[in-house]
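Enquirer: Count the sequence shown with the numbering used here and you get residues 563 to 1264, in order. So that we are looking at the same thing, I have put the structure below in C-alpha cells.
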Amino acid sequence: MNHPTKIAAGAFLLATLNVLIACSDGRQPPGEPSASSRVGGLDVRLWLDPDPPKQQGLLWLELRDEDGGAVDAAQVDVGWLMPAMGAMPEMRGKAEIEEVGSGLYRAQLDLPMNGSWTLPVNIRTSRTSVIAEYTLNVGSAGLREVGAHALNQGSPEGVQPPTAEYPQVVLDALRETLRVYEEVRTQLTQDRMDGLSTRAERLAQSFVTARSALGNEGAPASLALVDEGERSSSSLAAVDDLETARVAFGEVSRSLFALAAADPRLVEGWQSFSCPMTSTFPRWMQPAGELENPYMGQAMPGCGSPADWSLPQPEGVAELEAHAQHVHGGLDEGDEIAHYTCSMHPSVKRGAAGTCPICAMDLVGVTRREVETGTFVVSAERRQEIGVRTEAVGTQAMNLKIRAVGRVTYDETLLSEVTVKVGGFVGRLSVDQTGQLVRQGEVLFELYSPELYASQEELLAALASQQAARSTQAPDRADYLVDAARQRLRLWDLSDSQIEAIAESGQPLRDLPILSSSSGYVVEKMVVQGSSINPGQTLYRIAGLDRVWIEAEVYESDLPLIEVGQLAEISLPYLGGKRFEGRVAFVYPYLHAETRTGTVRIELANPGLELKPEMYADVSFAIERGERLTVRDEAVLYAGERRLVFVDLGEGRLQPREVEIGVHAGDRYEVLAGLEVGEKVVVSGNFLIAAESRLKSATEKW
C-alpha cells in the first residue's frame, strides 16, 4: 500500500516537472511569488510581471490542490478597481485570462492610470469557490493580500431545479427564508456590515428549517438546493468585508432562484432583477418596488434591470462581457460599424477597435444606423456615472395655477361727479370732508347763483300770469310760460320737488340746496365755503364701495388660459390670510408695453369695506385642463426653436426626438406631439447625455 506522503511528494514532483515544461515553452511566472494564499483546499500563488508593476503587465496565478496537484479547467476571474475620488469617477475593468496549463493561469493587466489598484480574484473549481482581494501600487514592488475566503465547498454541480410544488409547510418555511434574505439584501444595498453576520446565521437556520420540513423523502433537487443555501448563508456569516459578502449573497440568491423555479407561489409579490456588472450570480429578488442593487450598493443603487424568473446558467468572464456588450453596447449583428468611440470620452473617434488614448478604456462601436437615426449607446456604467434616470411617459390631470399681482380699485360703474350748470357762489357746506358717506338726495351744499335766482323769479311771474289768465276767455294762454320756466330749472338740475317748493312758497330761494345724485363716499372735494364756481366745474367725486374691482396683471404667455367666468382666488396678506373668491368679469384687449402683462378684472362684493382701493392682492387662477399626455420638464431640452427629449429604446440605446410641448404645470409639460404613452425618456443627466449625442452620433440633430 502506498504511503500518502510519498503520493503527495510524487504529485508535487510531477507538478514541478509540468511547470518546468511550461517554462521551457517561454510561458512562465518570474522568480518568487509576489503573494500566496491557502484557502478552501487551494494553494494560490501569484506573481506580478514585471514587479514593480507597470500599467500594462501580467498577473500569473498558480492553483494547487491539497495534494499538490495542478488544478486545471478552473474558472478564474481577475478584475481591477479604483474607487471614485473627488470629481474622478470610479474606474474598473476585467483582465483577459489565459490558461497556460499545469495549474497556471495568466491575466493581462491593462490599468488605465498610475496609482493604487484593488485586484479582486474569483476562482471557481468543481469542488470549491474562492474569492480573494489584493492591492498593488503602480511603480512599487509587491502584491498585498487584503483577504481570501472560500465559498460553497461541496457545491452540487449540475443540480436541476425541482419540478414539483411544495407542501404548505415547506412553502411557509421558504417564505420565512425570503423574509430574512430581504433583510440581508437591504443591508448590502446600504453598504452596511453591522448585524449582517447575525442575519446571515438566521438565514442559514431558516434553510435548516426548510430542510426539516422537506424531510428525507423530499425531492433530491430540493434537498440539495436548501443544503447549498444553508452552506452559502453560513459562508456569508463568516465574512468581514462587503465585496466577499456580496459574492456569498449571490450564491444564496442562486439557490433561492432555483427553489422558486418549482413553485411560483413562493415569489408572489416579488420582482426579479439582473445586474450585468457583477462577477457572481447576476440575479437578485426583492419585493416589488424601486430597484435597489445589493451588489453595487450606494455607489450604483439603480444599476440593473427587471428580469424573468428563469435560472441563468453560470457565466464566465468572457460570457459576462459578451452579455454586457450585447445588452449595453447595443450593436445589432450585421450592422456596419461607422466608427469606434469611448463611452467616457465620446469625442474620440477611431476607424478600428482599440483603447481610448485618454483613459485606456476599450472603444465601443457605433453603427451607421445609429449615426443616421441619431440613436446612440450609453453603457450602464456610464449611465450610473452621470446619474441618468428614465421615466415612462403617461397621462395625468393637467391642473395649472396661474399667479398674478392684483390691485383693488373702484368699480367704475359706481363712480359719479357733482357739477353745476350755472355759475355762482358756495354757501353753507353740508358735506365738508373727504371720505364722508353721503346718500342719494342728501344736501351737499347751498349755492347762490344770480342766474338761478332770476330763473326762479321768472317761474313765479309765469305762475302769476297763469293764475290771472284763469278768469279770462283764454285761461291757458300763460301755461306755456310756466312749462318753459319749469323746464329751464330742470335743465339746471333742480328736482321737481324743489321746483314745487318754490312755486308753493311764492318766494325765490336765494341759497339753493344742491343734492347728491348717488350714494357713496366722497373721494375728492374741490370746494370750500365761499368758493366761486363756474358751470361744469367738478365739485365732488363720489364712489360706491359696496362692490370693488380687482385688476390683476397676468403675463402675456398666461393670458390665453384666462376666460371670462374663470374662478379666481384673492388673498391679502395683511388681512390675516383671509381669502375671497370671485370670477373674471373682463379681460382687457391690450397689453402694457413696459411689463408685457395684460389686465384681468375680477368683481368682488365688499359689504364690510375690507377691500380698500389701492390695496395690493395676490390673485391665483386654477385652470383644470383634464387628462393630458405629460413629461417631466427636466426631460425637455431646448435646441434653437425645437424641443428635444431623449427616448430610451432599451439595451442602452438612446434617441433624440423632437417634441411639441404645450402648457407648463408644476414640474411637467403637456406633450402635444412626438411621444406615445409608455415610452421612456431621460429625466436626469440630460445635458451630459446631450453632449454624448452631439459628439457621438447625432450631430446633425443639433
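Where is the CB? At the ideal position from N, CA and C, for every residue including glycine. None of these values were measured; they are calculated from a predicted model.
Any chance you could list the alpha helix (DSSP H) runs of at least 4 consecutive residues sitting entirely within the segment 738-778, in chain order?
Expert: Within the segment 738-778, the complete alpha helix (DSSP H) runs of at least 4 residues are 758-776.
Enquirer: Quick one: using the 10 Å Cβ neighbour count with 16 as the cut-off for buried, is Thr-806 buried or exposed?
Expert: Its Cβ being crowded by 16 or more others within 10 Å, Thr-806 is buried.
Enquirer: What separation, rounded to the nearest whole angstrom, lies between the Cα atoms of Gly-1247 and Gln-1128?
Expert: Cα-Cα distance, rounded: 39 Å.
Enquirer: Skipping 5 residues on each side, what residues in its chain have a beta carbon closer than 7 Å to that of Asp-1195?
Expert: Taken in chain order, the residues that qualify are His-1226, Asp-1229, Arg-1230 and Tyr-1231.
Enquirer: Please work out which residues of its chain come closer than 8 Å, Cβ to Cβ, to Val-633, disregarding the five sequence neighbours upstream and downstream, and give them in chain order.
Expert: Contacts found: Leu-604, Leu-625, Arg-626, Asp-627, Gly-665 and Thr-687.
Enquirer: Look at the alpha carbon of Leu-543 and the alpha carbon of Val-980, and state the distance between them as a whole number of angstroms.
Expert: Since the first and last residues shown for the chain are 563 and 1264, residue 543 lies out of range.
Enquirer: Counting pairs of Cβ atoms below 8 Å between the segment 862-869 and the segment 945-957, do you hit three or more?
Expert: Cβ pair count under 8 Å is three or more, so yes.
Enquirer: Could you tell me whether the segment 1159-1166 touches the segment 1109-1127, where touching means 3 or more Cβ pairs closer than 8 Å?
Expert: The segment 1159-1166, when compared against the segment 1109-1127, does touch it at the 8 Å Cβ threshold.
Enquirer: DSSP on Thr-687, reduced to helix/strand/coil?
Expert: Reduced to three states, the DSSP call for Thr-687 is coil.
Enquirer: Mark Gly-1212 as exposed unless 16 or more other C-beta atoms lie within 10 angstroms of its C-beta, in which case mark it buried.
Expert: When all chains shown are included, Gly-1212 counts as exposed.
Enquirer: Compute the beta-carbon to beta-carbon distance between Leu-785 and Leu-776, rounded to the nearest angstrom, for a pair I have assumed lies under 8 Å.
Expert: Confirmed, about 6 Å.
Enquirer: Along the chain, where does the beta strand (DSSP E) containing Thr-957 start, and where does it finish?
Expert: Residues 956-972.
Enquirer: Which first and last residues belong to the beta strand (DSSP E) in which Tyr-902 is found?
Expert: Taken as a continuous stretch (DSSP letters only), the beta strand (DSSP E) holding Tyr-902 covers 899-903.
Enquirer: Is the separation between the beta-carbon of Asp-1210 and that of Lys-1242 shorter than 8 Å?
Expert: Going by C-beta atoms, Asp-1210 is nearer than 8 Å to Lys-1242.
Enquirer: Drop a sphere of 10 angstroms on the beta-carbon of Asn-961, count the other beta-carbons inside from all chains shown, and report buried for 16 or more, exposed for fewer.
Expert: Per the 10 Å Cβ criterion, exposed.
Enquirer: Compute the Euclidean distance between the alpha carbons of Leu-1237 and Leu-1134, then round it to the nearest angstrom.
Expert: The straight-line gap from Cα to Cα measures roughly 42 Å.
Enquirer: What residue does the beta strand (DSSP E) around Gly-1160 start on, and which one ends it?
Expert: Taken as a continuous stretch (DSSP letters only), the beta strand (DSSP E) holding Gly-1160 covers 1159-1167.
Enquirer: Suppose you measure from the CA of Arg-969 to the CA of Met-1177; what does that come to, to the nearest Å?
Expert: If you take the alpha carbons of Arg-969 and Met-1177, they lie about 6 Å apart.
Enquirer: Whole angstroms are fine: how far does the CA of Leu-925 sit from the CA of Thr-903?
Expert: Spanning the two alpha carbons is a distance of roughly 5 Å.
Enquirer: Can you tell me whether Ala-1201 is buried or exposed? The criterion is at least 16 other CB atoms within 10 Å of its CB, across all chains shown.
Expert: Exposed: under 16 other Cβ atoms inside 10 Å.
Enquirer: With distances taken between CB atoms, is the gap from Tyr-1102 to Val-1126 smaller than 8 Å?
Expert: The answer is no: Cβ separation not under 8 Å.
Enquirer: Determine the DSSP secondary structure at Gln-715, reduced to helix, strand or coil.
Expert: Its pLDDT being 42, under 50, Gln-715 is placed unreliably by the model, and the measurement read from it follows with that caveat. Of the three classes helix, strand and coil, the one that applies to Gln-715 here is coil, per DSSP.
Enquirer: Thinking C-beta only, is Gly-1082 closer than 8 Å to Val-1000?
Expert: Cβ atoms of Val-1000 and Gly-1082: closer than 8 Å.
Enquirer: Let's test the definition: count the other Cβ atoms within 10 Å of the Cβ of Val-742 and tell me whether it reaches 16, buried, or not, exposed.
Expert: It is buried - the Cβ of Val-742 has at least 16 other Cβ atoms within 10 Å.
Enquirer: Is Gln-1075 helix, strand or coil when you go by DSSP?
Expert: Going by the sequence as given, residue 1075 is Pro instead of Gln. Note: Pro-1075 maps to strand in three-state DSSP.
Enquirer: Which residue wins for smallest C-alpha separation from Ser-796, given the options Gly-986, Glu-763, Gly-677 and Asp-825?
Expert: Comparing Cα-Cα distances from Ser-796 to each of Gly-986, Glu-763, Gly-677 and Asp-825, the minimum goes to Glu-763.
Enquirer: Considering only the beta carbon of each residue, do Phe-811 and Arg-845 sit closer than 8 Å?
Expert: It is not a contact, given that the beta carbons lie outside the stated cut-off.
Enquirer: Helix, strand or coil: which one does DSSP assign to Leu-1211?
Expert: It is a strand residue.
Enquirer: When you compare only the Cα positions, how much space is there between Gln-549 and Gly-1214?
Expert: The question about residue 549 has no answer, for the chain in this structure spans 563 to 1264.
Enquirer: If you compare alpha carbons, which of Leu-1014, Gln-1028, Asn-1096 and Gln-998 is closest to Leu-1056?
Expert: Among Leu-1014, Gln-1028, Asn-1096 and Gln-998, the Cα nearest to that of Leu-1056 is on Leu-1014.
Enquirer: Taking contact to mean 3 or more Cβ pairs, one atom from each stretch, closer than 8 Å, check whether the segment 847-857 and the segment 746-757 are in contact.
Expert: Output reads yes: the segment 746-757 touches the segment 847-857.
Enquirer: Starting from Val-1181, follow its DSSP beta bridges and name the residues at the other end.
Expert: Ala-966 and Ile-1132.
Enquirer: For Arg-773, which option in Tyr-972, Gly-1092, Val-788 and Gly-1240 has the closest C-alpha, if you only look at C-alpha atoms?
Expert: That would be Val-788, whose Cα lies nearest to the Cα of Arg-773.
Enquirer: Whole angstroms are fine: how far does the CA of Glu-1220 sit from the CA of Ile-659?
Expert: In a straight line, the C-alpha of Ile-659 is about 46 Å away from that of Glu-1220.
Enquirer: Looking only at its own chain, which residues have a Cβ that is under 6 Å from the Cβ of Leu-977, when we skip the five neighbours before and after it?
Expert: Here the set comprises Ala-1105.
Enquirer: In whole angstroms, what separates the C-alpha of Lys-1258 from that of Arg-1204?
Expert: Because the pLDDT of Lys-1258 is 46, which lies under 50, any placement of that residue in the model is unreliable, and the question is left without a value.
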